[in-house]
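Novice:
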Amino acid sequence: MAPPSSWWGSEEQRGTPVVVKMDNPYSLVEIDGPGMPASDKKARGKNAKQFTWVLLLRAHRAVGCVAWMAAGFWGVLGAVNRRVRRSRDADDEPDAEASGRGRVMLRFLRAFVLLSLAMLALETVAHLKGWQFPQHLPGNLQELEEQLQHLPEHLQHLPEHLRHLPENLRQLPEHLRVPERQEIQGWLHRAYVAWLEFRVDYIAWAIQKLSTFCILLFMVQSVDRIVQCLACFWIKIRGIRPRIPASGNKPRRGRKSAAADVENGDADDDADGYFPMVLVQMPMCNEKEVYETSISHVCQMDWPRDRLLIQVLDDSDDEVCQMLIKAEVTKWSQRGVNIIYRHRLSRTGYKAGNLKSAMSCDYVKDYEFVAIFDADFQPNPDFLKLTVPHFKGNPELGLVQARWSFVNKDENLLTRLQNINLCFHFEVEQQVNGVYLNFFGFNGTAGVWRIKALEDSGGWMERTTVEDMDIAVRAHLNGWKFIFLNDVKVLCELPESYEAYRKQQHRWHSGPMQLFRLCLPAVFKSKIPFWKKANLVMLFFLLRKLVLPFYSFTLFCVILPLTMFVPEAELPIWVICYIPVLMSILNILPAPKSFPFVIPYLLFENTMSVTKFNAMVSGLFQLGSSYEWIVTKKAGRTSSASDILSLAEETHVPARPAAKLVRGVSEGGLQEWGKLREQEAAEWANKEDAAAALAAAPATPKKSSKANKKPNRIFKKELALAFLLLTAATRSLLSAQGLHFYFLLFQGVTFLAVGLDLIGEQVS
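Quick note on full-length UniProt numbering: the sequence shown kicks off at 1 and runs consecutively.
1) How is the beta strand (DSSP E) around Val473 delimited, first residue to last?
2) Could you give the distance in angstroms between the alpha-carbon of Tyr498 and the alpha-carbon of His343?
3) State buried or exposed for Gly72, treating a residue as buried only when at least 16 other CB atoms are found within 10 Å of its CB.
4) Over the uninterrupted beta strand (DSSP E) stretch that includes Gln747, give me the two end residues.
5) If we count Cβ pairs, one from each stretch, closer than 8 Å, do we get three or more for the segment 392–405 versus the segment 431–449?
6) Go ahead and label Lys331 buried or exposed: buried means 16 or more other beta carbons lie within 10 angstroms of its beta carbon, across all protein chains shown.
7) Enumerate in chain order the residues of its own chain whose CB-to-CB distance from Leu417 is below 6 Å, with the five nearest sequence positions on each side excluded.
8) On the CB-based measure, 16 or more other CB atoms within 10 Å of its CB, does Ala62 come out buried or exposed?
9) Need the endpoints of the alpha helix (DSSP H) that Trp234 sits in, please.
10) For Arg199, count the other beta carbons within 10 Å of its own beta carbon; 16 or more makes it buried, fewer makes it exposed. Which is it?
11) Count the other C-beta atoms from every protein chain shown that fall within 10 angstroms of the C-beta of Thr563, then say buried if there are 16 or more, exposed otherwise.
12) Rounded to whole angstroms, how far is the Cβ of Met301 from the Cβ of Pro379, which I believe are closer than 8 Å?
13) Starting from the C-beta of residue 765, find all residues in its chain whose C-beta is less than 6 Å away, skip the five residues before and the five after it, and write them out in chain order.
14) Can you have a look at Trp531 and say buried or exposed, based on whether 16 or more other CB atoms are within 10 angstroms of its CB?
15) Assess, as a yes-or-no matter, whether the segment 579–597 is touched by the segment 415–433 under the definition of 3 or more beta carbon pairs within less than 8 Å.
16) Let's see if you can read the secondary structure: which residues bound the beta strand (DSSP E) around Met513?
17) Please determine if the segment 508–522 and the segment 430–440 are in contact, where contact requires at least 3 C-beta pairs separated by less than 8 Å.
18) Ends of the alpha helix (DSSP H) at Ser360?
19) By the three-class DSSP mapping on this structure, what secondary structure does Leu345 have?
20) Using three-state DSSP, classify Val458 as helix, strand or coil.
21) With a CB to CB cut of under 6 Å and the five nearest residues on each side skipped, what residues in its chain are close to Arg88?
22) Helix, strand or coil: how does DSSP classify Ile630 here?
23) Could you spell out where the alpha helix (DSSP H) holding Asn419 opens and where it closes?
24) Express the C-alpha separation of Lys533 and Lys385 in angstroms, rounding to a whole number.
25) Rounded to whole angstroms, what is the Cα-Cα separation between Arg307 and Gly441?
26) With respect to the alpha helix (DSSP H) encompassing Ile585, which residues constitute its N-terminal and C-terminal limits?
27) With DSSP run on the structure shown, which of helix, strand or coil describes Gly393?
28) Of the choices Leu745, Tyr551, Ala635, whose alpha-carbon is the least far from that of Glu292?
29) Are there 16 or more other CB atoms within 10 angstroms of the CB of Met119, so buried, or fewer, so exposed?
30) In the DSSP assignment, what residue or residues form a beta bridge with Ser609?
31) Determine, using beta-carbon pairs with one atom in the segment 717–736 and one in the segment 745–758, whether at least three such pairs fall under 8 Å.
32) In whole angstroms, give me the CA-to-CA distance for Trp68 and Leu313.
33) Runs of 3 residues minimum, wholly inside the segment 295–319: which ones carry the beta strand (DSSP E) assignment?
34) Going by CA-CA distance only, name the one from Pro283, Gly479, Ser211 that's closest to Glu396.
35) I'd like the span of the beta strand (DSSP E) that includes Phe484, first residue to last.
36) Would you tell me roughly how many angstroms separate the C-alpha atoms of Leu548 and Trp460, rounded to the nearest one?
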């Protein structure tokens with residue numbers, strides 16, 4: 001029987017149509033199945049065309065996405081290339097780390113990067129060819145040797161790939177020889193096997209011992225930090241703080257109540273009218289951005305004018321800067337402030353030489369205390385009333401140190417990270433050492449010294465770049481005590497560019513190592529108790545100044561990348577992740593608003609370890625330019641509370657009042673004052689001419705400033721470590737080490753961003 005057919009004789013197809021629905025609203029396509037009516041021919045053709053157009057549209061979008069990603073990647077490479085080309089000239093400038101030890105370290109890092117790239121290529125080839133061996137190779141080899149001893153004697157010397165053959169095939173004619181597996185694999189396989197044996201026998205052992213030593217140092221330093229945090233917590237709970245002595249039968253009161261009395265204007269409670277002679281010194285050098293604000297704040301301090309003398313110690317070699325500072329000093333002297341301008345022709349000894357020269361003036365013997373402020377510091381009017389009274393009735397007290405506060409802590413990411421570090425330094429380290437040990441490192445500014453303590457300790461010395469720590473250690477060895485006031489804050493400015501911050505950190509970490517070499521004999525010869533000597537040597541110098549940069553750089557920038565290429569020496573997860581995060585959280589506790597930056601802070605501190613380690617080695621072995629002083633660049637930020645008093649006084653003070661002598665200046669100061677007054681008329685004329693010339697000069701177009709703009713620098717050590725860590729992260733993918741990969745990836749990206757000077761702001 002013939003199959004049924006339609007009236008035109010064709011076969012009838014039966015079935016169910018298939019509907020394909022895609023994400024696109026125009027991509028609903030119906031594909032015919034058996035039994036579709038002929039009337040749907042046109043619809044079927046239309047749907048097929050729509051389906052084709054949908055596929056073409058999706059292909060176009062995919063190609064566009066790939067092109068967009070390629071363009072973005074190419075744009076990033078172009079930006080990096082432009083940054084490198086624009087930064088070549090800037091990178092050749094003299095730098096505290098550009099010679100000596102810095103060059104040796106850069107060569108070491110370059111060789112390290114090239115070696116890691118070669119090892120990555122070898123490991124990649126081994127992975128693709130299946131030459132992967134178990135991680136714990138020595139134990140497996142021993143098990144294999146034990147298994148071979150149980151084989152028959154005639155099988156123990158056969159190659160492994162022949163032992164499964166039958167007995168009649170194992171005996172070959174003499175003129176035939178079965179090739180070894182190494183001969184089949186080739187020379188590259190032999191080299192890889194030799195490398196495995198060498199790294200197991202020699203490299204893994206050495207890395208494991210070094211990592212164990214660094215982990216031990218890491219744990220000791222972590223315990224020290226935890227103890228300091230607990231001590232700070234106890235101080236907060238118990239309300240422990242330095243007390244201002246009271247005379248007679250009056251009870252001793254805390255600093256907070258004294259500060260409240262000062263703010264309320266209670267003259268009888270100002271330490272019972274205790275107003276000794278105070279000398280204020282303001283060392284500065286080519287700091288045009290901040291001199292005016294700092295001089296203004298110092299001149300407005302609330303202290304009897306006949307018992308206060310301000311020395312502006314200018315080491316500037318820029319004549320314009322000298323003229324501006326002189327004019328500012330003249331302005332305040334005309335208002336009745338006892339202020340003197342001093343300038344040295346030779347900048348020997350840097351800041352220490354400047355302070356030493358100022359202390360040699362004959363009128364200094366009339367003063368009992370000296371307060372020191374750097375050029376960017378802005379003390380409050382009640383600073384002296386909150387610090388000097390602590391010396392009353394306490395003849396053993398040599399230093400009162402105030403805390404720093406920052407006007408630009410929220411300016412960019414770099415200043416936020418610096419604020420975390422310095423808040424921990426003042427809130428925890430300085431406060432705990434001041435309360436329990438009566439000793440800490442002088443911060444170089446925002447402090448008041450007893451002049452007798454300076455003289456008994458030998459005065460300012462020019463032998464290191466940390467003259468503040470030097471005088472503090474010598475005063476401590478002579479038995480003087482220190483007080484830290486955590487509640488008295490002085491505004492200052494943080495470096496906003498990485499270049500300035502890097503130079504500052506190099507000086508701060510090379511100087512202590514210089515000082516440690518020089519003062520170690522004096523520590524053992526001093527008459528202080530043994531436990532104070534141990535604290536000074538073991539904790540103050542070794543643990544907090546030497547051990548911290550050593551293990552941070554060695555553990556996270558050298559050993560961790562090495563373990564990716566030598567997996568037999570493995571770092572525990574808690575060393576890489578848990579303990580560093582815990583320490584970072586402890587550091588952020590004094591600045592709780594910075595808690596969202598805990599991960600960037602951890603990565604940035606590891607990045608700074610290369611600069612700190614280089615500086616530490618340079619200072620310890622006197623390499624490179626470890627004795628070079630570079631002034632930290634300032635941006636000229638001012639506090640939110642502007643100089644209202646200064647602006648109000650300017651409306652009442654005439655421009656050129658008659659000359660008059662102020663009280664409290666000795667003969668030496670009057671001689672300098674006379675010389676300054678002789679040059680005053682010419683300087684005012686020059687200043688007016690310069691102002692007129694600037695006003696008459698045509699405005700410079702905005703675009704032309706790009707030609708004179710200082711290019712951003714690149715930092716080769718950071719870039720070398722970035723490539724090393726990213727290479728190690730790529731290697732970790734072959735062994736499927738997830739947490740190691742993410743840590744190395746983010747740390748490498750951080751090094752790359754810092755090396756290209758993409759953090760902070762460029763200060764020209």
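Don't be surprised by glycine CBs; every beta carbon is placed ideally from N, CA and C.
Specialist: Reading off the structure:
1) No beta strand (DSSP E) holds Val473; the alpha helix (DSSP H) holding it covers 467–477.
2) 30 Å
3) exposed
4) Not the beta strand (DSSP E): Gln747 falls in the alpha helix (DSSP H), residues 738–755.
5) At 8 Å Cβ cutoff, the stretches touch.
6) By the neighbour-count definition (other C-beta atoms within 10 Å, threshold 16), Lys331 is a buried residue.
7) Tyr601, Phe604
8) When all chains shown are included, Ala62 counts as exposed.
9) 204–238
10) Arg199 is classed as buried because its beta carbon has at least 16 other beta carbons within 10 Å across all chains shown.
11) buried
12) About 6 Å separates the Cβ atoms of Met301 and Pro379, confirming a contact at the 8 Å cut-off.
13) Because the chain here runs from 1 to 764, residue 765 falls outside it and cannot be looked at.
14) When all chains shown are included, Trp531 counts as exposed.
15) The segment 415–433 is in contact with the segment 579–597.
16) Where Met513 is concerned, there is no enclosing beta strand (DSSP E), although the alpha helix (DSSP H) it sits in stretches over 498–525.
17) no
18) Element bounds for Ser360: n/a, residue is neither H nor E.
19) coil
20) In the sequence as presented, Val is not what sits at residue 458; that position holds Gly. In the structure shown, Gly458 adopts coil according to DSSP, grouped into three states.
21) Because Arg88 sits at a pLDDT of 48, beneath the cut-off of 50, its placement in the model cannot be relied upon, and the point is left open.
22) coil
23) 413–424
24) 34 Å
25) 28 Å
26) 579–588
27) coil
28) Ala635
29) Buried.
30) Answer is none; Ser609 lacks a bridge partner.
31) Yes, they touch.
32) 58 Å
33) 308–314
34) Gly479
35) 481–492
36) When only Cα atoms are considered, Leu548 and Trp460 end up about 28 Å apart.
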